[in-house]
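Encoded as structure tokens, the structure appears first; notes follow it.
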Amino acid sequence: MPTPLISRRAQPLTGSVRVPGDKSISHRAIIFGGLAIGESVIDGLLEGDDVLATAAAMRAFGCDVTRGGDGRWRVHGRGVGGMAEPVDVIDCGNSGTGVRLLMGVAAQQPITSFFTGDGSLRRRPMGRVAAPLGRMGVTVTARGGGRLPLAVTGPEILMPIEYELPVASAQVKSAILLAGLGAPGETTVIEPKRTRDHTETMLRHFGADVRVADMSGGGRRITLVGEPELMARPVVVPADPSSAAFPAIAALLVEGSELRLPGVGTNPLRFGLFETLLEMGADITLENPREEAGEPIADLVVRHGPLKAIEVPAERAPSMIDEYPVLAVAAAFAEGTTVMRGLEELRVKESDRLAATAHGLAACGARVEVEGDDLIVHGAGNGLAGGATIPVDLDHRIAMAFLVAGMAAAKPVAIDDATAIATSFPGFQNLMNQAGAAIEVGVEDTA
Ligand code: S3P
1160 MPTPLISRRA
1170 QPLTGSVRVP
1180 GDKSISHRAI
1190 IFGGLAIGES
1200 VIDGLLEGDD
1210 VLATAAAMRA
1220 FGCDVTRGGD
1230 GRWRVHGRGV
1240 GGMAEPVDVI
1250 DCGNSGTGVR
1260 LLMGVAAQQP
1270 ITSFFTGDGS
1280 LRRRPMGRVA
1290 APLGRMGVTV
1300 TARGGGRLPL
1310 AVTGPEILMP
1320 IEYELPVASA
1330 QVKSAILLAG
1340 LGAPGETTVI
1350 EPKRTRDHTE
1360 TMLRHFGADV
1370 RVADMSGGGR
1380 RITLVGEPEL
1390 MARPVVVPAD
1400 PSSAAFPAIA
1410 ALLVEGSELR
1420 LPGVGTNPLR
1430 FGLFETLLEM
1440 GADITLENPR
1450 EEAGEPIADL
1460 VVRHGPLKAI
1470 EVPAERAPSM
1480 IDEYPVLAVA
1490 AAFAEGTTVM
1500 RGLEELRVKE
1510 SDRLAATAHG
1520 LAACGARVEV
1530 EGDDLIVHGA
1540 GNGLAGGATI
1550 PVDLDHRIAM
1560 AFLVAGMAAA
1570 KPVAIDDATA
1580 IATSFPGFQN
1590 LMNQAGAAIE
1600 VGVEDTA
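Add 1159 to the 1-based position in the sequence shown for our numbering, that's all there is to it.
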């Protein structure tokens, strides 16, 4: 049953909002726990549908994954190459990260694993993972266009490869490195553009030998020594900067707001949005910087204030790829024309986010253009009209971005279905309402 939500003008957003655990790190913590020998304890895990699907998948591979009453997760691993053949199809739900990383895990041993997902995931390209796995000797049998459902059969002996990524994708990089754990010798991934490095950090944390060399032009060469024995490790998951983006931008837009967001991950390969907002003149301070499980974190304090338009360079896209919909909302309230370049990857996310963002903002009264792979938002400097219902199309970030728009627009903004929000930010509505938002179940006011 779809749940429509409507977001009306918010009260000033104040207090402290603890956003849920990082989605990327949570998937990896469960997966690496399953590949290690012994029991790994995970604190702060994101208990969103995407990560729960990955936990169920690791159970299907024979790992023991449990949640304690104290919110702690425990994973008893089976070791690299030790997965049992799943007896049923693995359903990754809405999660591209889940299925792509798990394809790498499935490739490590000579078993056949079947994967599927929801209507959104079944539209997304998997050939980008199937191609390098194929070069390692893995058989991937997919539906037309390299789509799910698909089957992965690992070979008796995996071949280590050197592979240059044709798309800037941490998911593809991670799938190859995960498969490479099961291959004798060295597997190398070359990324011409840097992408989030949580897999490399966690590989080291669990005891693998990973070498990373910076290349001229800004890329990286990552080399992993295969067939390590990974040992169980504790993981503390930071708050997700991609989730923090929503309350942070809401606080920037709603007059009188001053909001604290504790323990947010500040990994530079994830922090492009905040870099961009600071360039736009946002009042954001980072307090108490520290480190948890090899990841940098800090408390963010965000205060309302005017924003000015800027040009966001294409090189920055991988470090803020999931944040463009909500940045575009902020841009609609900024003074001047914001140009966001190089957004081709947005077309193959949970929905076509380039189109969904442009259509949604236009429906709210903003002047928006898509030129090639660039998104151009003309900020009127005097707010946004609102008064629209936005189709979410199974995309959590489109849903949350437009609920944020409704908090500061002249008229309310509604979304047709909030269900997808639970994939990455369970409790979003309550958390935002406690801070001052006015989001409730309902449809657009037509009066
Ligand atoms: C993710 C990588 C990104 C991002 C996704 C999570 C990850 O996808 O959009 O939400 O955890 O590795 P790509 O690597 O495909 O760009």
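Just so you know, even glycine gets a beta-carbon here, dropped at the ideal spot from N, CA and C.
According to the DSSP secondary-structure assignment, PHE1405 is paired through a beta bridge with no residue. The alpha-carbon separation between VAL1396 and GLU1417 amounts to approximately 25 Å. Counting every other CB atom within 10 Å of its CB across the protein chains shown gives ARG1302 a total below 16, marking it as exposed. Secondary structure note for ASP1442: its beta strand (DSSP E) is the uninterrupted segment 1442 to 1451. Inclusion of LYS1508 in the 7 Å shell around the ligand S3P follows from its C-beta lying nearer than that to a non-hydrogen atom of the ligand. Remark: the shortest separation between the CB of ALA1329 and any heavy atom of the ligand S3P falls under 7 Å.
Taken in chain order, the complete alpha helix (DSSP H) segments of 4 residues or longer contained in the segment 1334 to 1403 are 1357 to 1364.
Every beta strand (DSSP E) stretch that sits fully inside the segment 1263 to 1334 and reaches 3 residues is listed by chain position as 1271 to 1275, 1298 to 1302, 1306 to 1312 and 1321 to 1323.
From the listed residues LEU1211, VAL1299 and GLY1601, the smallest Cα separation to ALA1577 is found for GLY1601.
By DSSP's assignment, ARG1226 forms a beta bridge with TRP1232. Inside the segment 1478 to 1532, DSSP marks whole alpha helix (DSSP H) runs of 4 or more residues at positions 1483 to 1492 and 1512 to 1522, from first to last along the chain.
Within a 10 Å sphere around the beta-carbon of GLU1470 sit fewer than 16 other beta-carbons, which makes this residue exposed.
Linking LEU1432 to ILE1249 through their CA atoms gives a straight-line distance of about 33 Å.
Look at ASP1481: its beta carbon is less than 7 Å from one of the heavy atoms in the ligand S3P. Under the rule that a run must span 3 or more residues, the beta strand (DSSP E) segments found entirely inside the segment 1545 to 1571 read 1547 to 1549. Shown here for PRO1245: same chain residues with a beta carbon closer than 7 Å to its own, the five before and five after excluded, namely ALA1219, PHE1220 and SER1272 in chain order. Short of 6 Å from the beta carbon of ASP1223, and not among the five residues preceding or following it, lie these beta carbons of its own chain, in chain order: HIS1235. Bridge pairing for LYS1467: GLU1494 [DSSP].
Put simply, the backbone Cα of GLY1415 is about 7 Å away from that of LEU1172. Only residues of its own chain outside the window of five on either side were considered, and among them HIS1357 and VAL1396 have a CB closer than 6 Å to the CB of ILE1184, listed in chain order. Distance from the C-beta of THR1275 to the nearest heavy atom of the ligand S3P is not below 7 Å. By the neighbour-count definition (other C-beta atoms within 10 Å, threshold 16), SER1175 is an exposed residue. Looking at the backbone, the Cα of VAL1331 and that of VAL1288 are separated by about 6 Å. Taking the Cβ of SER1333 as the reference point, at least one heavy atom of the ligand S3P falls within a distance shorter than 7 Å. The closest CA to that of ILE1598, considering only ARG1237, PRO1406, THR1360 and GLU1198, is found on PRO1406. Short of 6 Å from the beta carbon of THR1382, and not among the five residues preceding or following it, lie these beta carbons of its own chain, in chain order: GLU1345, THR1347 and ARG1370. Here VAL1311 is actually not in contact with VAL1326; their C-beta atoms are around 20 Å apart, not less than 8 Å. Taking the C-beta atoms as reference points, PRO1477 is found no nearer than 8 Å to PHE1430.
With a cutoff of 7 Å, GLU1504 counts as near the ligand S3P, since its C-beta is closer than that to a heavy atom of the ligand. Spanning the alpha carbons of ILE1201 and ASP1181 requires a straight line of approximately 12 Å.
Bridge pairing for THR1173: GLU1417 [DSSP]. Sixteen is the threshold: when 16 or more other Cβ atoms of the shown chains lie within 10 Å of the Cβ of ASP1481, as they do, the residue is buried. The beta carbon of ALA1594 sits closer than 7 Å to the beta carbons of LEU1172, THR1173, GLY1174, VAL1176, PRO1406 and LEU1418 from its chain, once the five residues preceding and following it are set aside; these are given in chain order.
Shown here, ASP1209 sits in a helix according to DSSP, grouped into three states. Listed as beta-bridge partners of GLU1198 by DSSP are HIS1235.
Boundaries of the alpha helix (DSSP H) around LEU1432: 1431 to 1438.
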